[in-house]
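S.K.:
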Amino acid sequence: MSAGQTQQPIRCLVAKVGLDGHDRGAHVIARAFRDAGFEVVYSGLHRSPDEVVQAAVQEDVDVLGISILSGAHNTLVPKILEGLDEYDALDDTLVLVGGIVPDKDKDELKEQGVSAIFGPGASMEDTIEFVRENAPER
Amino acid sequence: MSDLLERLLDGDHRALARTITNIENRAPGYRDLVSGLYEHAGTAEVIGITGSPGAGKSTLVDKMAETYRDRGETVGIIAIDPSSPFTGGAVLGDRIRMASNVGDMDVFFRSMSARGSLGGVSIATADAVKALDAFGKDRIIVETVGAGQNEIDIVKTADTVCVLVQPGSGDDVQMLKAGILEIADVFVVNKADLDGADRTVQELREMLDLRGNAGSGRNDQHASHGHHAEAEPAGDGADGHAGQTDGAALKQAEAEPGDDGGSDAVWTPPIVEAVATHGEGVDAFLDAIDDHHAHLDATGEAAAKARERYAEEIRTLLREDTAALLTEEIDARGGIDDLVDGVVAGETDPYGIADDVLDPVAACLRERREDG
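As structure tokens, then:
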């Protein structure tokens with residue numbers, strides 16, 4: 291018999307990677323996710339791809355949201371994806387990117403394993419809805 | 005599931021992470037998984053850290069982990085943060101302060117949310133500790149905000165309970181209040197470079213004195229421990245001094261086995277001063293934890309604690325299981341709303357309903373017991 295109710299909130303890591311020092315957006319999304327009933331781990335500023343991978347693996351998150359404004363997404367995001375893959379964690383982690391990503395880069399990131407990219411003006415409701423619908427079944 | 009256990013025992017970090025997730029979620033089959041952990045666990049030393057928000061717990065834990073790693077030991081950390089009572093959501097923010105150990109997979113840091121369920125968190129924590137233990141971690145640190153009974157239950161899963169106090173955290177009546185101060189095996193006055201640190205140490209010592217006098221004639225022993233406890237922040241040339249008194253305390257503990265029930269066997273919590281942000285006092289703190297561990301071994305308290313913990317685990321599991329059983333029964337009777345309707349209409353009352361629901365269970369159990 292399995293006792294108690296099965297409780298399974300969606301777990302997210304909100305990560306800031308690289309040199310950009312602006313995390314207001316990451317704070318806003320962390321708070322919105324919390325209010326949506328998610329469990330949110332925030333990485334803090336200036337993380338390397340390795341650190342983000344370590345956090346995502348240890349925390350066993352369903353969703354990894356990478357916030358990046360510096361323009362370095364083409365170098366940093368693939369490193370994170372590779373790292374996740376090394377730990378066999380890429381397949382069942384929903385990877386999102388938020389911030390400034392030019393249209394021409396979006397398709398490539400998606401091909402590499404990013405599920406969605408939310409730029410300026412993306413609504414919080416849409417983002418949360420997307421996570422609810424696409425968070426991997428565990 | 006057993007595949008997961010195998011991978012965990014093989015040292016697969018992702019399997020360890022998933023095991024803890026299954027424990028937290030009470031995923032189907034998690035019980036078999038935890039059962040399987042028991043025979044591989046039991047070697048790790050478990051340290052509980054609690055204290056009010058902002059006392060510097062995460063920073064101190066970070067430095068502890070760094071020091072243990074320098075000594076070649078592996079570390080597991082579980083940090084518990086509160087969850088919203090309204091949405092169940094949580095921001096788990098302690099990981100941010102683990103700056104010294106980033107990139108080092110041999111420090112396994114896991115954030116857990118309290119998920120609002122009474123009792124449930126503490127058993128999930130105990131199970132997660134078991135997973136880290138079976139994985140092979142040498143030291144396991146459980147960190148939680150000391151705000152209520154729940155947190156006290158959590159740190160009770162530790163061999164050594166450390167309470168962080170910061171200067172200026174209240175007048176001396178705060179020290180008299182029941183709660184987290186009573187469960188401390190080691191006190192840390194963190195931010196010892198702030199004004200008022202001396203006073204906080206003084207107040208803690210007075211509180212411990214009162215507690216000591218309430219017991220019986222172990223003042224001598226207390227005095228020596230009190231002295232030992234005055235570990236100055238490192239950098240004052242205090243190392244030699246601290247080392248010397250440590251040795252004395254250890255010898256004292258070793259001289260005591262078999263003296264069971266004797267007043268000398270009572271542990272008086274040392275008070276360590278620290279400035280965690282600079283790593284000051286961390287060595288003295290870890291020494292105090294080791295002293296306590298030696299004391300537990302020497303007095304046989306370690307075994308007693310383990311028994312107590314098993315008893316508590318059994319009780320908690322049974323409470324949870326009966327609660328689930330009764331939830332099922334309530335549903336079978338048309339749901340809690342129907343029962344409430346009866347109370348609102350004045351036909352019955354909560355006590356009557358509780359008797360109604362439970363009487364058949366009690367009768368059935370008694371019958372089976374008598375039948376043997």
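Going down the list, the sequences are from chains V and B. Heads up: the first sequence begins at 291 in the working numbering, then just goes up one per residue. Heads up: the second sequence begins at 5 in the working numbering, then just goes up one per residue. Even for Gly, the Cβ is constructed at its ideal location relative to N, Cα and C.
Give me the Cβ distance between B:Glu-277 and B:Val-205, rounded to the nearest whole Å; I'm assuming they're in contact under 8 Å.
M.R.: The Cβ separation is near 7 Å, so the contact holds.
S.K.: Please work out which residues of its chain come closer than 7 Å, Cβ to Cβ, to V:Phe-420, disregarding the five sequence neighbours upstream and downstream, and give them in chain order.
M.R.: Result list for V:Phe-420: Ala-406, in chain order.
S.K.: Given that B:Leu-1 touches chain V, what residues does it touch there, using C-beta distances under 7 Å?
M.R.: The shown model of chain B, from 5 to 376, leaves out residue 1 of chain B, and the question about it has no answer.
S.K.: Give the single residue among V:Leu-309, V:Asp-310 and V:Glu-341 whose Cα lies nearest to the Cα of V:Leu-303.
M.R.: It is V:Glu-341 whose Cα lies nearest to the Cα of V:Leu-303.
S.K.: Can you give me the Cβ contacts of B:Val-361 inside the same chain, cut-off strictly under 8 Å, excluding the 5 residues immediately before and after it?
M.R.: Hits under 8 Å: Leu-330, Glu-333, Ile-334 and Arg-337.
S.K.: So B:Gly-107 contacts chain V; which residues on that side make the cut at Cβ distance below 7 Å?
M.R.: Those within 7 Å of B:Gly-107 in chain V are Asp-340, Glu-341 and Gln-344.
S.K.: Could you tell me whether the Cβ of B:Ile-357 comes closer than 7 Å to any Cβ of chain V?
M.R.: With 7 Å as the cut-off, B:Ile-357 does not count as an interface residue toward chain V.
S.K.: Considering only C-alpha positions, which residue in the set B:Asp-66, B:Ser-39, B:Gly-172 and B:Ile-156 is nearest to B:Ile-145?
M.R.: Nearest C-alpha to B:Ile-145: B:Asp-66.
S.K.: Kindly indicate if chain B contains any beta-carbon less than 7 Å away from that of V:Arg-324.
M.R.: Answer yes: the Cβ-Cβ gap between V:Arg-324 and chain B drops below 7 Å somewhere.
S.K.: With DSSP collapsed to three states, give me the class of B:Asp-85.
M.R.: Strand.
S.K.: Does B:Thr-281 have its Cβ less than 7 Å from a Cβ in chain V?
M.R.: B:Thr-281 does not count as touching chain V.
S.K.: Could you check whether B:Gly-97 and B:Asn-194 sit closer than 7 Å to each other, using their CB atoms as the reference points?
M.R.: Their beta carbons are not under 7 Å apart, which means B:Asn-194 does not touch B:Gly-97 by this criterion.
S.K.: Measure the Cβ-Cβ separation of V:Arg-301 and V:Val-343 and say whether it is below 7 Å.
M.R.: No, the pair does not count as a contact, with Cβ atoms beyond the cut-off.
S.K.: Name the one or two DSSP bridge partners that B:Thr-54 has.
M.R.: Looking at the DSSP assignment, B:Thr-54 forms a beta bridge with B:Thr-148 and B:Val-167.
S.K.: Give a yes or no on whether 7 Å exceeds the smallest Cβ distance from B:Thr-25 to chain V.
M.R.: Yes, B:Thr-25 lies at the interface with chain V (some Cβ there is under 7 Å from its Cβ).
S.K.: For a quick check, are the C-beta atoms of B:Asp-342 and B:Pro-273 less than 7 Å apart?
M.R.: Their beta carbons are not under 7 Å apart, which means B:Asp-342 does not touch B:Pro-273 by this criterion.
S.K.: Can you tell me whether V:Ser-413 is buried or exposed, with buried defined as 16 or more other CB within 10 angstroms of its CB?
M.R.: Flag for V:Ser-413 reads exposed.
S.K.: Have a look at B:Val-344 and B:Glu-324 and give me their C-alpha separation to the nearest angstrom.
M.R.: If you take the alpha carbons of B:Val-344 and B:Glu-324, they lie about 22 Å apart.
S.K.: Could you compute how far the alpha carbon of V:Asp-378 sits from the alpha carbon of V:Gly-361?
M.R.: Between V:Asp-378 and V:Gly-361, the C-alpha separation is close to 27 Å.
S.K.: Which residues in chain V have a C-beta closer than 7 Å to the C-beta of B:Arg-114? List them in chain order.
M.R.: The answer, in chain order, is Gln-348 and Glu-349.
S.K.: Determine contact between the stretch 326-336 of chain V and the stretch 79-99 of chain B, defined as no fewer than three beta-carbon pairs at a distance below 8 Å.
M.R.: As far as the Cβ criterion goes, the stretch 326-336 of chain V touches the stretch 79-99 of chain B, which means the pair count is three or higher.
S.K.: Among B:His-297, B:Glu-28, B:Leu-20 and B:Ala-315, whose alpha-carbon lies nearest the alpha-carbon of B:Val-125?
M.R.: Measuring from the Cα of B:Val-125, the nearest candidate turns out to be B:Glu-28.
S.K.: For the stretch 331-402 of chain V, which segments carrying the alpha helix (DSSP H) assignment without a break, of at least 4 residues, lie completely within its bounds, in sequence order?
M.R.: Segments of the alpha helix (DSSP H) lying fully in the stretch 331-402 of chain V: 339-349, 363-376 and 393-402.
S.K.: Helix, strand or coil for B:Ser-6? Go by DSSP, reduced to three states.
M.R.: It is helical.
S.K.: If you count every other CB in all the chains shown that lies within 10 Å of the CB of B:Lys-181, and 16 or more means buried, which is it?
M.R.: It counts as exposed.
S.K.: According to DSSP, simplified to helix, strand and coil, what is B:Lys-134?
M.R.: Note: B:Lys-134 maps to helix in three-state DSSP.
S.K.: In terms of residue numbering, what span does the beta strand (DSSP E) encompassing B:Met-116 cover?
M.R.: Unbroken beta strand (DSSP E) run through B:Met-116: 111-117.
S.K.: When the Cα atoms are used, what is the spatial distance from B:Gly-55 to B:Ala-280?
M.R.: Near 14 Å, if we compare the C-alpha coordinates of B:Ala-280 and B:Gly-55.
S.K.: Using a C-beta cutoff of 7 Å, does V:Asp-310 count as contacting chain B?
M.R.: No, because no Cβ of chain B sits closer than 7 Å to the Cβ of V:Asp-310.
S.K.: If I'm right that B:Leu-37 touches B:Thr-47 with Cβ under 8 Å, what's the distance once you round it to whole angstroms?
M.R.: Rounded, the Cβ-Cβ distance is 19 Å, inconsistent with contact.
S.K.: Of all the alpha helix (DSSP H) runs that stay within the bounds of the stretch 288-356 of chain B, which reach a length of 4 or more residues?
M.R.: Counting whole runs of 4 or more residues, the stretch 288-356 of chain B contains the alpha helix (DSSP H) stretches 305-336 and 340-348.
S.K.: My understanding is that V:Gly-355 touches V:Ile-319, with C-beta atoms under 8 Å, so please give their C-beta distance in whole angstroms.
M.R.: Correct: roughly 6 Å between the Cβ atoms.
S.K.: Tell me where the beta strand (DSSP E) around V:Lys-306 begins and ends.
M.R.: From DSSP, the beta strand (DSSP E) with V:Lys-306 extends over 301-306.
S.K.: Just the C-alpha distance for B:Gly-304 and V:His-312, rounded to the nearest angstrom, thanks.
M.R.: Cα to Cα, the separation comes out at about 54 Å.
S.K.: So for V:Asn-412, helix, strand or coil by DSSP?
M.R.: A small fix is needed here, since residue 412 of chain V is Ala in this sequence, not Asn. Residue state, collapsed to three classes: coil.
S.K.: Only counting the same chain, and skipping five residues up and downstream in sequence, which positions put a Cβ closer than 6 Å to that of B:Ala-19?
M.R.: For B:Ala-19, where only same-chain residues beyond five positions count, the Cβ hits under 6 Å are Leu-8, Arg-11 and Leu-12.
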